Amino acid sequence: MIDIRELRADPDRVRTSQQARGEDPGLVDQVLSADERHRAALAQFETSRAEQKAFGKTVAQAQGEEKQALLAQVKDLAARVKQLEAEAGAAAEERDAAMRRIGNIVVEGVPVGGEDDYVVLEEVGVPRDFAAEGFEPKDHLELGELLGAIDTVRGAKVSGARFYYLLGVGAQLEFALMGLAQAIAQDEGFVPVVAPTLVRPETMAGAGFLDAHADEVYRLEADDLYLTGTSEVALAGLHADEIVDLSAGPLRYAATSTCYRREAGSYGKDTRGIFRVHQFTKTEMFVYCRPEDAPEEHENLLRIERRVLDALELPYRVIDVAAGDLGGPAARKFDCEAWIPTQGKYRELTSTSNCTTFQARRLNTRERTESGTRIVATLNGTALTSTRPIIALLENHQQQDGSVYVPEALRPFLGGVDELRPVVPPGA
RNA sequence: GGAGGCGUCGCCUAGUCUGGUCUAUGGCGCCCGCCUGCUAAGCGGGUUUGGGGUUUAGAGCCCCAUCGAGGGUUCAAAUCCCUCCGCCUCCGCCA
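FYI, the numbering for the first sequence is 1 to 428, going by UniProt numbering.
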């Protein structure tokens, strides 16, 4: 949620932001009107409530008939107080409903427009020229099957479409990637975390995942809990309703967890292999910092993501995501997209968002300052996931015989092997 | 799964049975001041959070809410009732 005081002070700024997102700027006026009604109703309620309280004191002191007379007199007032309170509450609810539909105010400089209006900030590395090398690259599923690493057929048998097994070097690759991601995150000063993957509705809503993308989320009806699609949710909830101490610098966490996504509305998209799946593993970085430090922390998260991709020796590019593709809580987002040879394009591998105070306001995470408390800023970024980096590694580092080169940085996490070789998959 | 107990403004705590004088008691810690070669002690004051109003703004002042959360009863709720959350104890079950 954005700061209503900011909206009151400069509604045009919020309208502009909404327009950049391709969303309704009229919500700003709905908020302003409901806010005005709320404040008027609140003043009335508070006045009569004060009157009622004062009256209560005389009632307490009165005795006998005098008391009965006072009681009869104050009944009307009590009813009015109740009604005024309800009116104020209704206006507040209306205001909040409109507020919740307004996305974070986008950072100045973010490209205007939708999904395709991103700006490429940099391209790193050069995609291999397989034609020049004299062979046709295999796709990740074919390679994965040759290596005995990926089994989507049995995944579908057991759990349905978009589920898979990672076996042998496939499973080892996932562990190695998470190991590398955690090692780098810890080297960068992040506290390693194992976090809940089932959270309460308040946490899910607070992190901003029940607004536009509510149908992306798995819900356990019987327990009223949600399966998280990223540990960002649990890390955002970690300090909910707390006053955190940022005097020694930002709080930085890195959690590795399984992520669950319904992928509703993506029917027919990326159906082959393990590019778009319902379940994967991810190491997520999360930062709590002072609002004025957020841009710098965002750059830092991007630098770390690049450090990870550099370590995997992948060709990739960095894009500045356009306003319309940000998602509600983000004020700015950078995606790192790796080159996928058999698709002939760059695809998102990691992503980092600056949510400024949007998430923390709803989750009520504050810091103490000389003049009171204030809402902190939160940022998040992918260190690594399991599935897409496996795809990128297999495809980019494949050799003509189906073996796969292992980047040096990953070898310590794979028992020192420098090459993955085709095997007969177990049970095939 | 069953039974019971508990949750008070940083920490501890009084108040809840018997609703009003609670503007929530006291202690510890912390902050400011006084006293004082220095320190300690002592003395005085302050110390939840959010919102609204007043104000150019801040300070100050006034008001409302806040006793785990939400609802209810009542002229009036920390106090009575209901639901939920959390913690603890015992029993059962599983390891």
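Every residue gets a Cβ at the ideal spot worked out from N, C-alpha and C, and that includes glycine.
These numbers were taken from a predicted model, which means no experiment stands behind them.
- Remark: C-beta atoms of Thr365 and His239 approach each other more closely than 8 Å.
- Around the Cβ of Gly189, a 10 Å sphere holds fewer than 16 other Cβ atoms; the residue is exposed.
- Contact between Leu379 and Cys355 holds: CB atoms are separated by about 6 Å, below the 8 Å threshold.
- In chain order, Arg317, Ile319 place their CB closer than 6 Å to the CB of Val120, counting only its own chain and leaving out the 5 sequence neighbours on each side.
- The criterion of a C-beta distance shorter than 8 Å is satisfied by Met1 and Met99.
- Secondary structure of Gln63 (DSSP, three-state): coil.
- Pro201 sits exposed, since fewer than 16 C-beta atoms from the chains shown fall within 10 Å of its C-beta.
- For the pair Arg15 and Ala331, the Cα-to-Cα distance works out to about 14 Å.
- The three-state reading of DSSP puts Pro25 in coil, since its state is none of H, G, I, E or B.
- Leaving aside the five residues that flank Val107 on each side, the residues in its chain whose CB is nearer than 6 Å to its CB run, in chain order, Ala331, Arg332.
- Glu85 is the residue among Asp223, Glu85, Asn104, Asp29 whose C-alpha sits nearest the C-alpha of Leu42.
- Cβ-Cβ distances below 7 Å link Ser266 to Arg276 in the same chain, with the five nearest sequence neighbours on each side left out; the list follows chain order.
- The residues Val287, Tyr288, Cys289, Arg290, Asp293, Glu297, in chain order, have a CB closer than 8 Å to that of Pro250 in the same chain once the five nearest residues on each side in sequence are set aside.
- Check the Cα spacing between Leu198 and each of Asp224, Val112, Pro137: the tightest is with Asp224.
- Within the same chain, and ignoring the five residues on either side of Arg49 in sequence, the residues whose Cβ sits closer than 6 Å to its Cβ are Val81.
- Here Glu337 has Tyr316, Arg317, Ile319, Tyr346, Arg347, Glu348, Leu349 as same chain residues with Cβ atoms under 7 Å from its own Cβ, once five neighbours each way along the sequence are excluded.
- A distance below 6 Å between beta-carbons, with the five flanking residues on each side excluded, links Leu326 to the following residues of its chain, in chain order: Lys333.
- The beta carbon of Val124 sits closer than 6 Å to those of Tyr316, all from its chain and outside the five residues before and after it, given in chain order.
- Contact between Glu232 and Ala207 holds, with the beta-carbon distance rounding to 6 Å and staying under 8 Å.
- For Phe334, there is no enclosing alpha helix (DSSP H); the enclosing beta strand (DSSP E) has its first and last residue at 332–340.
- Within the same chain, and ignoring the five residues on either side of Arg219 in sequence, the residues whose Cβ sits closer than 6 Å to its Cβ are Tyr226.
- For Thr256, the secondary structure class from DSSP, reduced to helix, strand or coil, is strand.
- Ile150 is bridged by DSSP to Leu166.
- Fully enclosed beta strand (DSSP E) runs of no fewer than 3 residues occupy 316–320 of the segment 300–330, in order along the chain.
- Ranked by Cα distance from Gln359, the options Asp35, Asp24, Ile105, Arg5 are led by Ile105.
- Pro192: not part of any alpha helix (DSSP H); member of the beta strand (DSSP E) spanning 191–193, first to last residue.
- The beta carbon of Arg411 sits closer than 8 Å to those of Val417, Asp418, all from its chain and outside the five residues before and after it, given in chain order.
- In this structure, DSSP gives Val406 a state outside helix and strand, which the three-state scheme calls coil.
- Boundaries around Leu220 are those of the beta strand (DSSP E), 218–220, since no alpha helix (DSSP H) includes it.
- Look at Phe130 here: in three-state DSSP terms it is helix.
- By the CB criterion at 8 Å, Tyr164 and Ile340 fall outside the cutoff.
- Close CB contacts of Gln52 within its chain, under the 8 Å cut and outside five residues either way in sequence, are with Val74, Leu77, Ala78, Val81 (chain order).
- The DSSP-derived three-state label of Glu93 is helix.
- Spanning the alpha carbons of Gly381 and Tyr118 requires a straight line of approximately 18 Å.
- Per DSSP, the unbroken alpha helix (DSSP H) holding Val233 starts and ends at 232–237.
- In the DSSP annotation of this structure, the continuous segment of the beta strand (DSSP E) that includes Gln279 starts and ends at 279–289.
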